[in-house]
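See structure below.
Protein chains: 4
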Amino acid sequence: MSQRPLNVGLVGGGCGAFIAQPHQKAIFSDGTRRVVAGALHPNPEVAMSEAQKWPYPIRGYKSYIDMIEDQKNLPEDQKLDYILIVTPNFVHFDPAIRAIEAGIPVMCEKPLTVNLEQADELVAAATAKGLPFAVAHTYLGHWSSWFSRFIVTSGLLGEVRWADAAYIQGWLAKQIEKAGGEDGASWRTDPKRSGGSLCLGDIGTHALMQLRFVTGMDVTKVSAHMETFVKSRLLDDHATVYCELSNGGKALVRTSQICIGHKNDLSLEVAGTKGTLVWRQEESEKVTIMLPGQPDRVYWRGDVQPNDGFLGDVPECLLKEPRIPAGHAEGFHDAYARLHREFEKDIRAWKEGKKFSYDHTRYATVLDGRMGLAFVDASLKSNAQNGAWVDVKLA
Amino acid sequence: MSQRPLNVGLVGGGCGAFIAQPHQKAIFSDGTRRVVAGALHPNPEVAMSEAQKWPYPIRGYKSYIDMIEDQKNLPEDQKLDYILIVTPNFVHFDPAIRAIEAGIPVMCEKPLTVNLEQADELVAAATAKGLPFAVAHTYLGHWSSWFSRFIVTSGLLGEVRWADAAYIQGWLAKQIEKAGGEDGASWRTDPKRSGGSLCLGDIGTHALMQLRFVTGMDVTKVSAHMETFVKSRLLDDHATVYCELSNGGKALVRTSQICIGHKNDLSLEVAGTKGTLVWRQEESEKVTIMLPGQPDRVYWRGDVQPNDGFLGDVPECLLKEPRIPAGHAEGFHDAYARLHREFEKDIRAWKEGKKFSYDHTRYATVLDGRMGLAFVDASLKSNAQNGAWVDVKLA
Amino acid sequence: MSQRPLNVGLVGGGCGAFIAQPHQKAIFSDGTRRVVAGALHPNPEVAMSEAQKWPYPIRGYKSYIDMIEDQKNLPEDQKLDYILIVTPNFVHFDPAIRAIEAGIPVMCEKPLTVNLEQADELVAAATAKGLPFAVAHTYLGHWSSWFSRFIVTSGLLGEVRWADAAYIQGWLAKQIEKAGGEDGASWRTDPKRSGGSLCLGDIGTHALMQLRFVTGMDVTKVSAHMETFVKSRLLDDHATVYCELSNGGKALVRTSQICIGHKNDLSLEVAGTKGTLVWRQEESEKVTIMLPGQPDRVYWRGDVQPNDGFLGDVPECLLKEPRIPAGHAEGFHDAYARLHREFEKDIRAWKEGKKFSYDHTRYATVLDGRMGLAFVDASLKSNAQNGAWVDVKLA
Amino acid sequence: MSQRPLNVGLVGGGCGAFIAQPHQKAIFSDGTRRVVAGALHPNPEVAMSEAQKWPYPIRGYKSYIDMIEDQKNLPEDQKLDYILIVTPNFVHFDPAIRAIEAGIPVMCEKPLTVNLEQADELVAAATAKGLPFAVAHTYLGHWSSWFSRFIVTSGLLGEVRWADAAYIQGWLAKQIEKAGGEDGASWRTDPKRSGGSLCLGDIGTHALMQLRFVTGMDVTKVSAHMETFVKSRLLDDHATVYCELSNGGKALVRTSQICIGHKNDLSLEVAGTKGTLVWRQEESEKVTIMLPGQPDRVYWRGDVQPNDGFLGDVPECLLKEPRIPAGHAEGFHDAYARLHREFEKDIRAWKEGKKFSYDHTRYATVLDGRMGLAFVDASLKSNAQNGAWVDVKLA
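Chains as they are written, first to last, in the working numbering: chain A, 1 to 395; chain B, 1001 to 1395; chain C, 2001 to 2395; chain D, 3001 to 3395.
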């Protein structure tokens, strides 16, 4: 039976902010979710005029405080089912904590907050209420991320010995940021708005999340070397973190924003006692598995069979989920859409009384977001001590 | 200023039909278009129950005749702005001609019709009214298709001597179709519902369209060899067509559905007097250009600069259009979305009185759809004469 | 026990002729063969001075007639064990027939001769004597060619329906040849020295040979379209030949020398009823096999196991032959070396009285060379009749 | 004018030892070098019987001591021009020092010795005599290594900020070695025969050498983490070394032998202030360069032009050296051959009185070999201190 689409409210996204665009496509994507409201800019007047100019009609608000406040005045079918926070890092915490207090589920861009303390607070608040809270680690939304997780956790590769997670970009190889500028480069490089780390916080946390999601393990200790290659910068634009995993294995998280020509080169390799898995975000339609005595095995989304002599019982979702056949590539927007689609399912279930589980989602939750902050926090301390081992504060 | 989203009505798409899914995502994608109605199945009862079960509320109709008829009863903001025809081939003509008569713009799946006569009729009817009419040649919607067209028509490669357009699949290597079956394999292999050709009509026309769009040239003569490798089939499942181009150059259109392991392996290579361009649909984020005395040049969507010493003035749309940065792949849904987005622009302009131009669109129109039929028609004749040269009936 | 290295005499190769270089490396490669003599140039004086300047000492001759003649004067351990003919096409026949008459085994560059009549004559002469006679179809020397042959003939792919063999180059996209010039471009484009075909004879025959070797089948009929894109040329620089195979399957032989940027882009794809094999010369360390319900399977030289659940009993030679481990690439010289190594084995066996078999070698023999000529001959006739079907004269 | 081929004597190589094979092919490759003698095994009887069974005649010796001793008894044209040491690591030093004393040039497999002290001694002895002494860092022999060095040192990439050098293998993922075994896995994992490191010494030094050769810089300090993933092993099978470069830049040397499926996955990436270079050993025919505002530029061996608008004056050797055209791949044997060819040139020049320069060769010398040992030495110390920074002892 047809259901009313979920209503989503935007916090941020005005004036052509990049990240709001793919989220919108992802929200609308299935016809079962829609953007209905927005507090699009910190300046109230800009917020309202942006709402006026929005390509489709939405309810504009001067601030997210107003938007949250207004919920009680709205008829049931116009209330927000979740809010999406797509502001710079330092404006994540406040709207999130207010939404939690108002009982509105949240999807927040990463990194969750600008420091571990704020993250701890959000975790406490959200879990106290049992409120659905997602963090937009987009790349988990690739089919191949789920498939990789299935492969590793199925035991096909044996015990994990080593993992190499890297996210390499080149767009900050030159000093393109401007003091006080509002563009992505400017606020990201500003410690006040970005937090204690540029590169490791912004994209290293994606590499970490990919590693944690696919292996199902935590990073427990780090030995970090962080660099600032563009001289006048105050934060790292390159980082290399040697890690201990919760099973005693080791891993490397490598990340850079100064390697010219690299685009969004996120990759993960997991080497177990029985085999190796290789995944690249920029070719996210496939996963390569290497087993002794076998040719390289390249699995394509949309073309996996449940019993191929190597894979055990492949979950239905990995066989059915991909609606478009192999060879018709999914992309970045599809990954975003999968996050919102899963979040929608969990919100609908939660509204019908089912308890929200922070641990067994197929997207990152507030707990995962907090782990990103804990990882950056430990890495900053290790780096300050010339790479000495520092424990990561697990929850 | 915000505008009312365009209203779209579906003809077909019920019971899990594949091709309706990506279209829906594409329609909703920007928030400026939405599906509001549907005649989802030839059986009126099934049509209504499918509409009831639709994931979001739509106005269900027992037939497309009813849906078109009902338009006059609706308030302005609920009327259809275009209909989308996603039925099997033999149910393209009738809803299309009725929509034209009712003055409703049409986007139709390819092939346009089951024979050239029907196609001629649609062209005549649509152009008489000046009605916007698109044919869903999806792959034109890739940024890389537009970029390829820019490269070839800019003259960077010199005069086109040779082009190789191929679309290779493997899903029909076994006889998976069933007599009378309603799935995609079954109706496609049934001459009554599919038309005079299986493989050449279904996917060879995509290769042709890619060739025509990128080079800006027509195929004027063909020498065709068509095969039916799965014995009991009545139609071709493999075809090789040697072509003469309108500039006197030559080309090959190769297509197959029996090459196991090939997914949607559409590719185009254009060799000119000064250089060569290589494009593959399954890696549609990039275009490779090979010039004498130069390394291979790999251009990525989202990372092209207007003055790189080789490219002339790159149109703004090729620089700005890609909203997501390089390394965050667009995919099949994004290609579909680009078609609908361009069609939306043209419909909005047409509603404001601008004349619709069938020749200068960035998607295929009813004229292009007709050319596909003319190509298949000539190829069937050539094949019947052991590959003798046959003229293609240009419009 | 150590054996005296085989003695090889060169016909041609002076003045920096390209093809003599890789042959020399291949001959010396194992320490068990060596170049000891040469008639290096048609001009007797140049021949002698080139021999003087040769990087290592060899016995120079004014002509191949002298070289062959001189054999009877030499002590046993200085006699030639085989001659290698690396002259332009029109100088293949005469030295070959003289060597046959003198009872000296021959390895000859391809194409074997400039017309089918000469080829027939060489076949008759060689087989009458049972003399070892190889034709240098280099690419058969890749491990991956042997492996491909094993895969197809093992039946893993089922019955062959379709094969696509292509050899695409770009070096003749401009008219770089000069009337009367002695460089490779000039004599190749000169009908008197090259034969009736440029592109199809020079490289199309490689594609044909790869197809015949890997499938074990002959091309029985052809429908050919040949082009001369560089206007003033007298011979084809591009050809497309639709083929019937001896099992009733079909194939395409595509070849070009005007596709700028293509280097030595020889590829073969074989599509059977049960699976598909893909091979590319420029990435000749691997073979990809695609089977239904399986991921793409990429086999690497040096890393194949005899029982992987799909491959039957892999011949020892395919497991042991590759002396260098996977990941340390073999290349063009190694392919040449494998031809000479196999030829050495057969010559040593023949000298000990074993009959030379023209059919079961792992390199091309005079019979295969003749088939290349027959293929070109039939294609020229078909092209002259607008692509009508013409039978290939099988031996 | 033809010259007598250089005479080479083997130390080691009997009983099917792997590394002797490619060296032999490389030695013979041009016809200007040949193997004439060998002390093939530590057991004198085995050494003599192996020499007897050698595929071509050589002078066998019971030991390398005998072989070196015997030189004074031989006529000039039979004396050794250089010896090649292809024994396990712990048998490098003694034959090398004896050859130096006897005034015979040496090419030695890497690592040069089992500890830094021995390496220092060899450097002192060789340089005192000015004797040509090469270390077989094979991968420098790829054309693409030379081309990479040209690119980086030309300044095209600006100042080097970051380099990532990795050598990843998988063949030691299981404990295949046996105590006392003579195979490659067994002696390599035995501290007495291999030295203080398995993985870092065996293949990490290749990554280091590639980095040093291409950038022209030294590693001055290291922070190392080394692992032994296969439990019972005594030496590292995996290592990650964070490095400081002599220009103040940073680098990572990553190496593993437990990543199943990786073959000889040596790669180097160099990120400068103006661009990035990417090289992979397993695809060593090409080098990719990424510059801002440019498409990815893929340069192929054999297809580089001296003035393409980006490259400055490309040295003749990079244009002419590759005798086989692009698309006909060079491989591992060709890399080896290039080392021996360059060494031959330097030996011939040295015999004619030219001073041997240890710094300006296009292969590794005894000085480079020593740097590998210094790097391993510093890394072992750093690892013992939990990754603390340790200075590398420069010469």
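Heads up, the beta-carbon is just placed ideally off N, CA and C, and yes, glycines get one too.
Going by other Cβ atoms of all chains shown within 10 Å of its Cβ, with 16 needed for buried, is residue i buried or exposed?
i: B:ARG1370; result: buried
i: C:GLN2083; result: Correcting the residue identity first, residue 2083 of chain C is Ile in this sequence and not Gln. When all chains shown are included, C:ILE2083 counts as buried.
i: C:LYS2231; result: exposed
i: C:LEU2234; result: exposed
i: B:ASN1007; result: buried
i: C:HIS2360; result: exposed
i: A:ARG161; result: buried
i: C:ASN2247; result: exposed
i: C:ASP2303; result: buried
Could you spell out where the alpha helix (DSSP H) holding residue i opens and where it closes?
i: A:TYR64; result: 64-70
i: D:LEU3211; result: 3205-3215
i: B:ASP1296; result: From DSSP, B:ASP1296 is part of no alpha helix (DSSP H) but of the beta strand (DSSP E) over 1296-1300.
i: B:ARG1098; result: 1093-1102
Between which two residues does the beta strand (DSSP E) containing residue i stretch?
i: D:GLY3272; result: 3265-3272
i: A:ASN7; result: 6-11
i: A:TRP389; result: First-last for A:TRP389: undefined, no H or E at that position.
i: C:HIS2137; result: No beta strand (DSSP E) holds C:HIS2137; DSSP gives it neither H nor E.
i: B:LYS1079; result: Premise fails: B:LYS1079 is in no beta strand (DSSP E) and is neither H nor E.
i: D:SER3246; result: Taken as a continuous stretch (DSSP letters only), D:SER3246 belongs to no beta strand (DSSP E), as it is neither H nor E.
i: D:LYS3286; result: 3286-3290
i: C:VAL2278; result: 2276-2280
i: B:MET1107; result: 1106-1108
Helix, strand or coil: which one does DSSP assign to residue i?
i: B:LYS1192; result: helix
i: D:SER2953; result: Nothing in the structure corresponds to residue 2953 of chain D, since chain D is present only between 3001 and 3395.
i: D:MET3226; result: strand
i: C:VAL2114; result: coil
i: D:VAL3160; result: strand
i: B:LYS1129; result: helix
i: C:GLY2119; result: Sequence inspection shows Ala at residue 2119 of chain C; the Gly mentioned does not correspond to that position. Note: C:ALA2119 maps to helix in three-state DSSP.
i: D:LEU3200; result: helix
Say whether chain D places a C-beta atom closer than 9 angstroms to the C-beta of residue i.
i: A:TYR242; result: yes
Closer than 9 angstroms, CB to CB, is residue i near chain A or not?
i: C:ILE2289; result: yes
i: C:TRP2146; result: no
i: B:VAL1035; result: yes
i: D:CYS3317; result: no
Hey, is residue i's beta-carbon within less than 9 angstroms of any beta-carbon in chain B?
i: A:PHE310; result: no
i: C:PRO2111; result: no
Do we get a CB-CB distance below 9 angstroms when we pair residue i with the residues of chain C?
i: D:ARG3338; result: no
i: D:MET3396; result: Summary: the structure shown does not reach residue 3396 of chain D, with chain D confined to residues 3001 through 3395, and so no result is reported for it.
What alpha helix (DSSP H) runs, 4 residues minimum, are completely inside the segment 3313-3386 of chain D? As for any alpha helix (DSSP H) of minimum length 4 sitting wholly inside the segment 3313-3386 of chain D, the runs are 3316-3320, 3332-3351 and 3366-3384, ordered along the chain.
Can you check the segment 3021-3060 of chain D for any beta strand (DSSP E) of at least 3 residues that lies completely inside it and give the ranges in chain order? Whole beta strand (DSSP E) segments, 3+ residues: 3033-3039.
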